[in-house]
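**Student:** Position 126, counted from 1, in the sequence shown is what my numbering calls 127; the numbers after and before it change by one each time, with no gaps.
Backbone N, C-alpha and C fix where the C-beta goes; we use that ideal spot for every residue, glycine too.
Take this structure first; my questions come after.
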Amino acid sequence: MNTSTSPQSNILIVDDTPANLQLLFKILQDGGYCVRPVPNGAHALRAAHNEPPDLILLDITMPVMDGYETCRRLKADPLTADIPVLFISALNEVEDKVRAFEVGGVDYVSKPFQYAEVLARVRTHLELQQQKHRLQESLARERSLERLRDNLTHMIAHDMRSPLQAIRLLLDLIGNVQGFDTELLACKTSVNILVDMVTQMLDVSKMEAGALELKPEPFDIAALATAVISVLKPLAGTSTVRLESDGAISASGDRELIRRVLGNLLANAFKFTSAKGQVIVKIYRTNDKVHVDVSDTGVGIPPEFHQKIFEKFGQVDGEKKRFGTGLGLTFAKMAIEAHGGQIGVISELGKGSTFWFTVPLAKSDACVT
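Below you can see the structure in the form of structure tokens.
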């Protein structure tokens, strides 16, 4: 009767005693396995390397190279390192079994062999190995699909940027001729947001590849926040927005990246703050860092989602889809961490949110106490 996990399962058995080899060979062959017997550790290493088996049954007490050393060498070879090794031995002391596991064995079968026990342990470890391989294959497929999705997103974003830039230029031309009324200004603001979204998609890919170079310089972060608020104010609707800062504070970093981080956080705050709500941007020094808070009186975020929202394509379902692109906060996190800063959120459902981040103070301000 064939009781093996797979008719093709290949098992290498290693024992210097011919009678033991013959017995194991018969047990496993009767179980439906392809069995390869070898008499010592040196033969086992060559056989396993030339044609890796699915599982190895390895005796401990052998001349020249014992089972422990044989297992160590198997685990040191990348080609054979993942093959499960079941030790077989008449040594029954606890320290012998512990040593077998320490060198990489997955199980221990005591001599004299019991037919049912040998088959049960072999079958169990072959099944575990097959499950491991299926998981690895599944993970490889998922990673391949993720790379395909990222490449597609990158191509779409790259192709979108040119027509969006053309629309923005056309809106500027129209505004210069007839002036910017409320509707035209709102349209221009929306296009600017789309251009930023496309740019951050491309920059996330660059940062993941380690190919985005920062252009650090000292700049007044309070003045930058004022400019960002002015551009995005049409998104505020009936909500009010206020900047709180201890005057000019000079940060050190890539001004454009920080501008876009502020833009992302403010756009989210405006989007999810209720009518006649409030958004507050607070900027202050903490030791050698600039600390920026963007607080709103919006719907809030449950604590279990505080990390997920910073993940790539992460979204939170509440009263609304909180983050539509799934990249805005990912970009913000990567950009801030590239500056050596930190970013996070303090929020409760129904009580609003405070997104905060830190960036380095410029050296001139860092010396001020």
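Can you look up S10 in the DSSP assignment and give me helix, strand or coil?
**Tutor:** coil
**Student:** Below 8 Å on the Cβ atoms is my contact criterion, and I expect G278 with K352 to pass it. Report the Cβ-Cβ distance as a whole number of Å.
**Tutor:** Incorrect: roughly 12 Å between the Cβ atoms, too far for contact.
**Student:** For the structure I just gave you, are there three or more beta carbon pairs, one from the region 210 to 222 and one from the region 247 to 267, closer than 8 Å?
**Tutor:** Yes, the region 210 to 222 is in contact with the region 247 to 267.
**Student:** Would a C-beta distance cut-off of 8 Å place S251 and L362 closer than the cut-off?
**Tutor:** In contact: S251 and L362 (Cβ atoms closer than 8 Å).
**Student:** Can you round the beta-carbon distance between D294 and T274 to whole angstroms, since I take them to be within the 8 Å contact cut?
**Tutor:** Their Cβ separation, rounded to whole angstroms, is 15 Å, which puts D294 and T274 out of contact at 8 Å.
**Student:** By the DSSP assignment, the beta strand (DSSP E) with Q30 in it spans what residues?
**Tutor:** It is not in any beta strand (DSSP E) - Q30 instead sits in the alpha helix (DSSP H) that spans P19 to D31.
**Student:** Can you tell me which residues form a DSSP beta bridge with Y69?
**Tutor:** Partner(s): none; Y69 has no beta bridge.
**Student:** Do you know how far the Cα of I337 is from the Cα of V360?
**Tutor:** 7 Å
**Student:** Please go through the same chain and pick out, in chain order, the residues whose beta-carbon is closer than 7 Å to the beta-carbon of L165, but skip the five residues on each side of it.
**Tutor:** V192, L195, V196 and V199
**Student:** Going by DSSP, which residues form a beta bridge with Y109?
**Tutor:** F88
**Student:** Which partner residues of H292 appear in the DSSP bridge assignment?
**Tutor:** Y285 and T359
**Student:** Taking the straight line between their C-alpha atoms, what separation do you get for K321 and S145?
**Tutor:** Reliability of the predicted coordinates at K321 is poor, the pLDDT of 45 falling under 50, and the value obtained from them is presented with this limitation in mind. About 31 Å.
**Student:** Indicate whether I28 and L59 have their beta-carbon atoms separated by less than 8 Å.
**Tutor:** no
**Student:** Taking 7 Å as the line, does the beta carbon of T287 fall inside it for any heavy atom of the ligand COA?
**Tutor:** Looking at this structure, you won't find the ligand COA or any other ligand, since it has none at all.
**Student:** Counting only the same chain and skipping the five closest in sequence on each side, list residues whose C-beta sits under 6 Å from that of T326.
**Tutor:** Note that T326 scores 44 on pLDDT, short of 50, meaning its location in the model is unreliable; the coordinates nonetheless yield the value given after this. Only M198 meet the Cβ criterion.
**Student:** So, with DSSP's three-state summary, where would you put F311?
**Tutor:** It is helical.
**Student:** Terminal residues of the continuous beta strand (DSSP E) containing E245?
**Tutor:** T241 to S246
**Student:** Would the region 261 to 272 count as touching the region 228 to 238 if we require 3 or more Cβ pairs under 8 Å?
**Tutor:** yes
**Student:** Report the option in L129, K334 and L25 whose CA atom is closest to the CA atom of G33.
**Tutor:** L25
**Student:** Per DSSP, P38 is paired with what?
**Tutor:** P38 pairs with I14.
**Student:** What is the residue span of the beta strand (DSSP E) that I61 lies within?
**Tutor:** No beta strand (DSSP E) holds I61; DSSP gives it neither H nor E.
**Student:** What number of angstroms, rounded off, separates the C-alpha of A339 from the C-alpha of Q130?
**Tutor:** About 40 Å.
**Student:** Going by DSSP, what residue range makes up the beta strand (DSSP E) through F220?
**Tutor:** P217 to D221
**Student:** Would you call the CB atoms of Y69 and V36 closer than 8 Å?
**Tutor:** no
**Student:** What does DSSP give as the partner residues of Q279 in its beta bridges?
**Tutor:** T241
**Student:** Confirm, please, whether the CB-CB distance from T71 to G106 is below 8 Å.
**Tutor:** When the beta-carbon positions are compared, G106 and T71 stay at least 8 Å from each other.
**Student:** Would DSSP call I57 helix, strand or coil?
**Tutor:** strand
**Student:** With a cut-off of 8 Å on the beta carbons, I'd call L75 and L46 a contact; round off their distance for me.
**Tutor:** About 7 Å separates the two Cβ atoms, so the contact holds.
**Student:** Just curious, the alpha helix (DSSP H) that A82 is in, first and last residue?
**Tutor:** Here A82 belongs to no alpha helix (DSSP H), and DSSP marks it neither H nor E.
**Student:** Where do the N-terminal and C-terminal ends of the beta strand (DSSP E) with D97 fall, by residue?
**Tutor:** Premise fails: D97 lies in the alpha helix (DSSP H), V95 to E103, not in any beta strand (DSSP E).
**Student:** For V300, which three-state DSSP category applies?
**Tutor:** coil
**Student:** Taking the straight line between their C-alpha atoms, what separation do you get for R323 and D97?
**Tutor:** Note on R323: pLDDT 47, under 50, position unreliable in the model; no value is reported.
**Student:** If you check the beta carbons only, do P53 and I84 fall under 8 Å apart?
**Tutor:** yes
**Student:** Rounded to whole angstroms, what is the Cα-Cα separation between D151 and K189?
**Tutor:** CA-CA distance, D151 to K189, rounds to 28 Å.
**Student:** In terms of residue numbering, what span does the alpha helix (DSSP H) encompassing N264 cover?
**Tutor:** The sequence given here places Gly at residue 264; Asn does not occur at that position. Note, G264: alpha helix (DSSP H), R256 to F273.
**Student:** Quick check: what's the CA-CA separation for D1 versus E143?
**Tutor:** No answer is possible for residue 1: the residues shown for the chain start at 2 and end at 370.
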